[in-house]
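Asks: Can you keep this structure in mind? I'll have questions shortly.
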Amino acid sequence: MERSVYLESKPRYEVLDGLRGVAAMMVVAFHLFETYSGGHITQIINHGYLAVDFFFVLSGFVIGYAYDDRWQSMSLGAFAKRRLIRLHPMLLLGSVIGGLLYYFGSCEAFPIIAPTPWHKVALVMLLGCLLIPIRGSLDIRGWAEGYPLNGPAWSLAFEYVANILYALVIRRLGKIALGVCVAAFAVLTVLLTMNIDLFGFLACRSELAYTVIGGWSLDPHQLYVGFSRLLYPFFAGLLLSRLGLVIRLRNGFVASSIIVAVILAMPFVGTAEVQWTNGLYEAVCIIALFPLIVAIGAGSNDMSKLTAGLCRFLGEISFPLYITHYPLIYMQMAWACSHQDAPAATHVAVSVSLFVVSVAMAWACLKLYDLPVRAWLRGKLFKPQR
């Protein structure tokens with residue numbers, strides 16, 4: 019009989035953990051500014067959504083590093099349990115927080131919130147906990163999202179898809195086959211970023227042309243966007259890991275953190291009349307710069323104790339921060355809508371306060387919930403190794 023054993027984790031790439039945290043904080047800032055944006059072209063911290071594509075590169079690299087050489091002693095079931103233990107407790111909590119705070123988002127901008135019955139919210143929350151996206155009849159916010167209580171959950175759904183593909187198919191591919199896939203999916207990225215409608219899914223994206231924004235619902239064009247955003251980054255990260263491509267750089271965390279922050283904060287590259295330049299920018303970031311940053315991070319673990327501690331902190335809160343902050347953003351949107359005449363300084367104070375609260379809540383969720391729950395699940399689902 020096969021023993022279900024929890025294999026000890028390998029040494030971590032601490033710089034990559036830190037970079038994940040930097041990107042997560044940029045996402046929170048991006049969403050806070052989004053409340054006041056006049057559209058994606060004029061938004062401050064304009065390219066924060068590219069953090070998702072960066073996360074997918076990191077995920078591919080880390081999955082390859084952690085699991086590629088373990089399949090002789092690890093079953094599909096053991097892999098699935100490890101990934102569920104890592105991802106799902108915080109996903110559950112994010113959906114619950116979204117449900118508990120749902121009615122605090124009621125305002126003129128979200129007119130369907132107030133009349134929505136509690137039992138419908140409870141059903142959507144349950145589906146969110148199971149990572150089941152909703153269709154239009156269950157939309158309780160008006161944005162046609164798959165996960166209206168916690169918008170960022172859509173990217174976790176694609177993370178699960180990537181894990182399933184890896185376990186069933188991708189892990190069996192050799193380096194050449196994997197490289198062919200990376201090249202093919204790079205073309206898919208270019209088609210999306212340059213708004214080349216080869217497959218007939220981009221005609222309805224006139225307002226979001228020359229961006230990768232999207233992927234959060236079950237509509238065919240949204241699924242196309244989501245898979246286009248997932249496939250190249252994940253396969254490229256996995257190929258980096260397989261090839262062992264790292265770049266050793268002094269103070270690599272500082273340099274790569276600055277690069278990540280600049281990429282995500284970059285204003286729209288172009289104008290309302292000339293937008294293709296922004297598509298080119300995003301293609302370069304996803305295809306070239308993000309794998310380069312991961313290679314730098316993977317080769318730069320020689321650091322001071324202070325930097326190592328900062329990387330650990332950022333890495334630990336990165337996922338809790340990403341998956342729990344958005345219900346607070348819904349509340350910020352409602353507050354801003356209801357207090358449009360408040361002084362600008364008040365709006366700044368509210369936004370800064372929510373940023374601090376988001377980080378503090380992520381830390382509390384990690385220490386009081388995520389780590390204990392994961393430890394309990396490991397004890398229940400895996401037998402001690404002898």
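Going by this note's numbering, the letters in the sequence shown line up with residues 19 to 404, in that order.
Glycine included, every Cβ here is placed at the ideal spot set by N, Cα and C.
Remember, predicted model here, so these are calculated numbers, not experimental data.
Mind reading off the beta-carbon distance from Arg190 to Gly82? Whole number of angstroms is fine, and I expect it under 8 angstroms.
Replies: With a Cβ gap of about 13 angstroms, Arg190 and Gly82 do not count as contacting.
Asks: Where does Lys28 sit, in a helix, a strand or coil, going by DSSP?
Replies: Residue state, collapsed to three classes: coil.
Asks: For Tyr348, count neighbouring Cβ atoms within 10 angstroms of its own Cβ and tell me buried if that reaches 16, exposed if not.
Replies: Classification of Tyr348: buried, given that the 10 Å Cβ count is 16 or more.
Asks: Hey, which unbroken runs of the beta strand (DSSP E) at 3 residues or more fall wholly within the segment 307 to 331?
Replies: Fully enclosed beta strand (DSSP E) runs of 3 or longer: not present.
Asks: Please report the straight-line C-alpha distance between Ile314 and Phe308, rounded to a whole angstrom.
Replies: If you take the alpha carbons of Ile314 and Phe308, they lie about 10 angstroms apart.
Asks: Kindly indicate which three-state DSSP category Gln176 falls into: helix, strand or coil?
Replies: Checking the sequence shown, residue 176 turns out to be Phe, not Gln. Phe176: helix per DSSP, three-state reduction.
Asks: Which one or two residues does DSSP pair with Phe128 in a beta bridge?
Replies: According to DSSP, Phe128 bridges with Cys125.
Asks: Exposed or buried, which one is Val80 when buried takes at least 16 other CB atoms within 10 Å?
Replies: Its Cβ being crowded by 16 or more others within 10 Å, Val80 is buried.
Asks: If distances are taken between C-alpha atoms only, which option among Gly233, Leu220, Leu149 comes closest to Leu105?
Replies: Of the listed residues, the one whose Cα sits closest to Leu105 is Leu149.
Asks: I'd like to check one pair, Ala283 with Ile63: are the Cβ atoms closer than 7 angstroms?
Replies: In contact: Ile63 and Ala283 (Cβ atoms closer than 7 angstroms).
Asks: For Arg159 and Thr295, what's the separation of their Cα atoms in angstroms?
Replies: Cα-Cα distance, rounded: 33 angstroms.
Asks: Rounded to the nearest angstrom, what separates Gln293 and Leu220 at their Cα positions?
Replies: Distance between the alpha carbons of Gln293 and Leu220: 15 angstroms.
Asks: DSSP state of Asn168, grouped into three classes?
Replies: Asn168: coil per DSSP, three-state reduction.
Asks: Count the other C-beta atoms from every protein chain shown that fall within 10 angstroms of the C-beta of Val243, then say buried if there are 16 or more, exposed otherwise.
Replies: When all chains shown are included, Val243 counts as buried.
Asks: Report all residues from its chain with a CB closer than 7 angstroms to the CB of Met19; omit the five preceding and five following residues, and keep chain order.
Replies: Here the model assigns Met19 a pLDDT of 35, short of 50, so the residue's position is not dependable, and the following value carries that caveat. There are no such residues.
Asks: Would you call the CB atoms of Lys99 and Leu399 closer than 7 angstroms?
Replies: Cβ distance < 7 angstroms, so Lys99 and Leu399 count as in contact.
Asks: Please report the distance separating the alpha-carbon of Ala180 from that of Met351.
Replies: Ala180 and Met351: Cα-Cα distance of roughly 32 angstroms.
Asks: Mind checking whether Glu334 and Leu384 have CB atoms under 7 angstroms apart?
Replies: Yes; because the gap between Cβ atoms is below 7 angstroms, this pair is in contact.
Asks: Among the residues of its own chain, which have a CB less than 8 angstroms from the CB of Pro107, if the five just before and after it don't count?
Replies: Counting only Cβ-Cβ distances below 8 angstroms, and skipping sequence neighbours, we find Tyr387, Asp388, Val391, Arg392, Leu395.
Asks: Ignore the nearest five residues each way along the sequence and tell me which others in Thr364's own chain have a CB closer than 8 angstroms to its CB.
Replies: Taken in chain order, the residues that qualify are His357.
Asks: Taking the alpha helix (DSSP H) that Pro345 falls in, what are its first and last residues?
Replies: Counting along the chain, the alpha helix (DSSP H) containing Pro345 begins and ends at 344 to 356.
Asks: Using only CA atoms, which one of Ala96, Pro129, Leu141, Ile103 lies nearest to Leu118?
Replies: Per the Cα distances, Leu141.
Asks: Check each candidate in Gln240, Phe176, Val45, Leu167 and name the one with the smallest Cα separation from Ser77.
Replies: Closest by alpha carbon: Phe176.
Asks: In whole angstroms, give me the CA-to-CA distance for Lys28 and Val208.
Replies: Answer to the nearest angstrom: the Cα atoms are 35 angstroms apart.
Asks: Rounded C-beta distance between Phe253 and Leu196? I'm assuming under 8 angstroms.
Replies: At roughly 6 angstroms, the Cβ-Cβ gap stays under 8 angstroms, so Phe253 and Leu196 are in contact.
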